[in-house]
DNA sequence: CCAAAAGTGTTACACGTACACCCATGA
DNA sequence: TCATGGGTGTACGTGTAACACTTTTGG
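Residue numbers (this note's numbering), protein chains in the order written: chain A, 1 to 220; chain B, 1 to 220.
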């Protein structure tokens, strides 16, 4: 039986959650949109295969990469029997290697307008978004998608995009700062307003402390 | 590459959460404790393979059965390269076929005292318990483990077992009844006290209504 | 009448939610 | 000086958490 991994690579740009999609170059379904994947090598851990695909496309290593699940319907690939292990990754769009991506015929698509995808890849995307929305409530998953330095309004618009609904700026700021996992910097981001917005960075050490005692990241 | 499914079958009895384990009869590691599994057939959906294994052992169909994840380290099985898709199931211990289970050399083990398991099966059990604890907070997962008719104290002790901590009986009863998904019956269970405890049944229709609008099952 | 489990209410506090105005700045 | 996004505080209601006694009935 053939065993493949498929990678769902998410990024955040222009206040939109985006996913990296590819024009298929191999049969069947040449020219259709799909996720990118690869077969798992005989001497390779499945997790490593996913990491390899991600690195080949984006040049990134050691980023958020998590197993989504196994897609294993007998008839899912019309060619031959093949099961796929879907992985999803959250990356900083600013850090990926644009040249590598272009060479693979990839492009970013807003998750609110995803074209038709081959096989069961559409289902994978749907499942991944569901999982991201759930996980975002229990840990600060979103930080993986922002730059090292970010403003509170940027963080808010990311959460608004993930939850697909508007959030109150006062309540959002109060809650997010109350966790004590953000360090306020002396710099301001002047690109989006005349007044400028203070930049923050994520304090990973404090977060680890907090998550061990168990905390709820839910924001309403 | 070989592709297998392994089933984690959980039940609830004597106020303890239990898992069905097997004495291995095939090489390698004959005589060691393990989960039960099977290879996925070429023309078989992976989900169906898990259902088949569950039915072969317990005689049960159409019960709670969910994918846990893929365990795919290259060296996980010392024999040959094999990835495993772990599934976990929650069953009513009273409904399984004891004869079938005995014929397969299986026995129930409290999750608080699990023997050493072959390969990465111990990791699977650990991961499944973690997932059950998380899922129990978002939907009434526990009902799959109780009989059709059950008392509030029974339900409470199940939740105490899943969360591994005591709960306040007044708060528990108040919260669980406030969801409106339990039907009180006219019967009493007289087996655990002189006074007897009223039996309830789960109102699946009301639950579906409620879960569509999204609700939080968390109990503190 | 005693033991043992079932069942019930209230109060204090924390947290979530709703809501409107001033601030800082570049153009 | 004005337009634009950034930033702040409070009051109210809901829900959680803590807590002790009465009820029932078989032995």
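In this text, a Cβ means the ideal position worked out from N, Cα and C, and glycines have one as well.
Closer than 6 Å by C-beta to residue 128 of chain A: which residues in its own chain qualify, once you throw out the five before and the five after it? Chain order, please. 8, 68 and 88
Whether residue 163 of chain A touches residue 133 of chain A by CB criterion (8 Å): The beta carbons of residue 163 of chain A and residue 133 of chain A sit closer together than 8 Å.
C-beta atoms of residue 46 of chain A and residue 79 of chain B nearer than 8 Å: no
Members of the segment 69-89 of chain B near chain A, C-beta cut-off 9 Å: 69, 70, 71, 72, 73, 74, 75, 76, 81, 83 and 85
Could you check whether the segment 8-26 of chain B touches the segment 46-62 of chain A, counting it as contact only if at least three pairs of C-beta atoms, one from each stretch, sit closer than 8 Å? no
I believe residue 37 of chain B touches residue 53 of chain B by the beta-carbon criterion, under 8 Å. Please report the beta-carbon distance rounded to the nearest angstrom. 6 Å
Is the distance from the Cβ of residue 29 of chain B to the Cβ of residue 118 of chain B below 8 Å? yes
Which same chain residues, not among the five before or five after residue 156 of chain B, have their C-beta less than 7 Å away from its C-beta? Excluding residues within five positions, the ones whose Cβ falls inside 7 Å are 167, 169 and 172.
Name the two residues that bound the continuous alpha helix (DSSP H) containing residue 171 of chain A. 169-178
Since residue 182 of chain A and residue 149 of chain A should fall inside the 8 Å C-beta cutoff, what is the C-beta to C-beta distance between them, to a whole number of angstroms? At roughly 11 Å, the Cβ-Cβ gap does not stay under 8 Å, so residue 182 of chain A and residue 149 of chain A are not in contact.
DSSP three-state assignment for residue 263 of chain B, whether helix, strand or coil: The structure shown does not extend to residue 263 of chain B, since chain B is modelled only from 1 to 220, so the question has no answer here.
Continuous beta strand (DSSP E) assignments of at least 3 residues falling wholly in the segment 87-143 of chain B: Counting only unbroken stretches of 3 or more residues, the beta strand (DSSP E) elements lying wholly within the segment 87-143 of chain B are 106-110, in sequence order.
Under 8 Å between C-beta atoms of residue 121 of chain A and residue 193 of chain A: No, these two residues do not count as a Cβ contact at 8 Å.
What are the boundary residues of the alpha helix (DSSP H) that residue 162 of chain A is part of? 152-163
Return the residues of the segment 119-134 of chain B that lie within a Cβ-Cβ distance of less than 9 Å from chain A, sorted by chain order. 134
Residue 42 of chain B CB to nearest chain A CB: under 8 Å? yes
Nearest candidate by alpha-carbon position, reference residue 130 of chain B, set B:51, B:161 and B:75: B:161
Environment of residue 14 of chain A [buried if 16+ CB atoms lie within 10 Å]: exposed
Give a yes or no on whether 8 Å exceeds the smallest Cβ distance from residue 47 of chain B to chain A. yes
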